[in-house]
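Below you'll find the structure, written out as structure tokens, and then a few comments.
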Amino acid sequence: MTNAELNELKQRYVASGAASPDQHFADRAENAELWDADGKRFIDFAGGIGVLNIGHRHPKVVEAVKAQLDRVMHTCQTVMPYEGYVKVAEQLSRISPVRGHGKVMLANSGAEALENAVKVARAATGRSSVICFSGGYHGRTFMTMAMNGKVAPYRTDFGPMPGQVYRAPYPIDALGISEEDALHGLKMTLKTDANPRDTAAIVIEPVLGEGGFHAASPSFMKQLRELCDEHGILLIVDEVQSGFGRTGRMFAVEHTGVEPDIITMAKSMGDGMPISAVVGTDRVMDASGGNSLGGTYTGSPVACAAVLAVLEVFEEEQILAKSQALGEKLGERFAHWEQSFSCVRNSRHLGAMAAFDLVDGSGEPATELAGALCKQARQRGLILLSCGLYGNTIRFLMPVTIGDEVLNEGLDIIESLLSELS
Ligand SMILES: Cc1ncc(COP(=O)(O)O)c(C=O)c1O
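Going by the working numbering, the letters in the sequence shown line up with residues -4 to 417, in that order.
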């Protein structure tokens, strides 16, 4: 079918809240390129929002998924377990920098991982409150909507939200929130709203994803860890977007030297297969009763096969080194843009988790300019995403396996648009 025919179906049958505004329908994809239903080519700088760190349809993952399809597609792992689930658990326990020996539960999406992380934290502590951060994003289920540190569009039409979710400021220098301000804010939250004795967990993204690609410093994370230990609160790091090699380490928290009690992960762990995980210290993960965690599809055999293949690709193709190298290339180009265009500010990257802000003449967020840049990039065959509290951050989530030629072609499109639009 053509884009036009598919758009007609979309308008008639897809719920407005779930319908993409994009008029192009993906037909096929390979590494960092996509082709739409009419055969138009796109360079993919979005990676399905951080899902494709090793590229679209990595051949090794496709092969593993096909092989699994020929064996068993589904049993429900609580009805009859299978090798893939326990092997993935073993591997995730091995690579996750949680305190002590890690145990694992698998789920289907990032939000579901966060829901389960809160469940196990409550079971392990016997406490109920959760503290999250302004600008944070954790998903679209009810608990995760309440946890998100941004109202529109996630929460706008859906209240009331579940209770006992409290918030503290995330340290973002570019928005005038220093590390000291953020720690002070957190301590105030513990005084004024969330009694430490009732607080099960503090949940933080080591690098804000939807909130604008701002990284918490090692010293902030260390002080957070100390505060958690002082009050018997569990530290949960949400690595759904920053994990699986995006920052040049397997998990962004490894840059800080801090060991969390629980890590949530999803997105690039399955290279497009829907799977997520909660990895935590065994004492925490074993706190809830038998059959208290799971779901019909959690840790499907096919998705588990994909994860095992992804982990092999990481070793064989030195994905972490590639992520680091890509970040450096992006950093160089951003530095050039900051010098050439007054609207480009605050360029930053931790490995390949890279972004810059667009500002107007008085340094205020240029939200419309960011929208125009992404829209016009798409018209020129480049898929580009914005993010951030003000929607003025341009973020880069292309596969780290992208070739230099395609990378530079995409960056050149941005550069010419910046000179036309600014
Ligand atoms: C940090 C973080 N946590 C959780 C989620 C929710 O993941 P999902 O969309 O798979 O439910 C996201 C999604 O973007 C995310 O970036």
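For every residue, glycine included, the Cβ atom is placed at its ideal position computed from N, Cα and C.
Could you check if Ala13 is buried or exposed, using at least 16 other CB atoms within 10 Å of its CB as the buried criterion?
By the Cβ neighbour-count rule, Ala13 is exposed, with fewer than 16 other Cβ atoms within 10 Å of its own.
Short Cβ contact (8 Å threshold) for Ala347 with Leu306
Cβ atoms of Ala347 and Leu306: not closer than 8 Å.
Would you list the residues sitting across from Trp30 in a DSSP beta bridge?
In DSSP, Trp30 forms a bridge with Arg23, Arg36.
Please tell me whether Asp33 and Asn2 are closer than 8 Å, where the distance is taken between their beta carbons.
With respect to the 8 Å criterion, Asp33 and Asn2 are not classified as neighbours on the basis of their beta carbons.
In terms of alpha-carbon separation, which member of Pro269, Thr291, Gln218 lies closest to Pro255?
Closest in alpha carbon position to Pro255, among Pro269, Thr291, Gln218, is Gln218.
Own chain residues within Cβ distance below 7 Å of Asn143, not counting five before or after
Sequence-distant Cβ neighbours of Asn143 in its own chain, meaning closer than 7 Å and more than five residues away, are Gly131, Tyr132, His133, Tyr149, Arg150.
Can you name, in chain order, every residue of its own chain whose Cβ lies under 7 Å from the Cβ of Val112, other than the five neighbours on each side?
With the sequence shown as reference, residue 112 is identified as Ala, and Val is not the correct amino acid for it. The beta carbon of Ala112 lies closer than 7 Å to those of Ile231, Ile257, Thr259, Val273 in the same chain, with the five residues before and after it left out.
Gly207 and Leu384 closer than 8 Å at C-beta
Yes, they are a contact pair.
Assign Thr388 to one of two classes, buried (16 or more other C-beta atoms within 10 Å of its C-beta) or exposed (fewer than that).
Thr388 comes out buried.
Just curious, the beta strand (DSSP E) that Arg89 is in, first and last residue?
No beta strand (DSSP E) contains Arg89, which is instead part of the alpha helix (DSSP H) from 78 to 90.
Does DSSP classify Phe309 as helix, strand or coil?
In the structure shown, Phe309 sits in a helix (DSSP, three-state: H, G or I).
Is it the case that the Cβ atoms of Thr73 and Gly289 are separated by a distance below 8 Å?
Yes, these two residues count as a Cβ contact at 8 Å.
Quick check: what's the CA-CA separation for Leu379 versus His226?
Computed Cα separation, rounded: 42 Å.
Verify the contact flag: Tyr292, CB atom, against every heavy atom of ligand 1, threshold strictly below 7 Å.
No, Cβ of Tyr292 sits at least 7 Å from all heavy atoms of ligand 1.
Could you name each continuous beta strand (DSSP E) segment of 3 residues or more that falls completely within the region 227 to 282, going from the start of the chain to the end?
Listed in chain order, they are 229 to 233, 257 to 260, 271 to 276.
Endpoints, the beta strand (DSSP E) within which Ser123 is located:
Neither: Ser123 is in no beta strand (DSSP E) and is coded neither H nor E.
In whole angstroms, what is the alpha-carbon distance linking Arg52 and Ile38?
Arg52 and Ile38: Cα-Cα distance of roughly 15 Å.
Can we count Ser104 as close to ligand 1, meaning its CB is less than 7 Å from some heavy atom?
Yes, the Cβ of Ser104 comes within 7 Å of a heavy atom of ligand 1.
Give the secondary structure of Asp152 by DSSP, where H, G and I count as helix, E and B as strand, and everything else as coil.
Correct three-state label for Asp152: coil.
Status (buried if at least 16 other CB within 10 Å, exposed otherwise) for Val146:
So Val146 counts as exposed.
Could you say which of Lys55, Arg36, Pro16, Asp22 lies nearest to Gly265 if we only look at CA atoms?
The residue with the shortest Cα to Cα distance from Gly265 is Lys55.
Who does Met348 pair with in a DSSP beta bridge?
When DSSP reads this structure, Met348 sits in a beta bridge with Leu345.
Beta-ladder partner(s) of His51, from DSSP:
For His51, the beta-bridge partners assigned by DSSP are Asn26.
Answer yes or no: the CB of His209 versus the heavy atoms of ligand 1, is any distance below 7 Å?
It does not: the Cβ of His209 is nowhere closer than 7 Å to a heavy atom of ligand 1.
Do you know how far the Cα of Gln374 is from the Cα of Leu181?
If you take the alpha carbons of Leu181 and Gln374, they lie about 43 Å apart.
Determine the DSSP secondary structure at Leu353, reduced to helix, strand or coil.
Residue state for Leu353 is assigned as strand, using DSSP reduced to three classes.
Cα separation between Leu353 and Asp168?
So the alpha carbons of these two residues sit roughly 16 Å apart.
Cys127 versus Leu109: straight-line alpha-carbon distance, rounded
Whole-angstrom Cα-Cα distance: 12 Å.
On the criterion of 16 or more Cβ atoms from any shown chain inside 10 Å, does Phe153 qualify as buried, or is it exposed?
Per the 10 Å Cβ criterion, exposed.
Are the CB atoms of Gly294 and Leu101 nearer to each other than 8 Å?
For Gly294 and Leu101, yes; Cβs fall inside 8 Å.
For the alpha helix (DSSP H) that contains Lys182, what are its first and last residues?
Where Lys182 is concerned, the enclosing alpha helix (DSSP H) stretches over 174 to 187.
Please name the residue in Leu229, Phe246, Gln313, Glu78 whose C-alpha comes closest to that of Arg192.
Checking every option, the nearest Cα to that of Arg192 belongs to Leu229.
Beta-carbon proximity check, Ala365 vs Ser342, cutoff 8 Å
Ala365 is not a Cβ neighbour of Ser342, given a cutoff of 8 Å.
Three-way DSSP call (helix, strand, coil) for Gly45 in this model:
For Gly45, the secondary structure class from DSSP, reduced to helix, strand or coil, is helix.
Measuring straight from C-alpha to C-alpha, what distance separates Glu205 and Ser124?
Taking the straight line from one Cα to the other gives about 23 Å.
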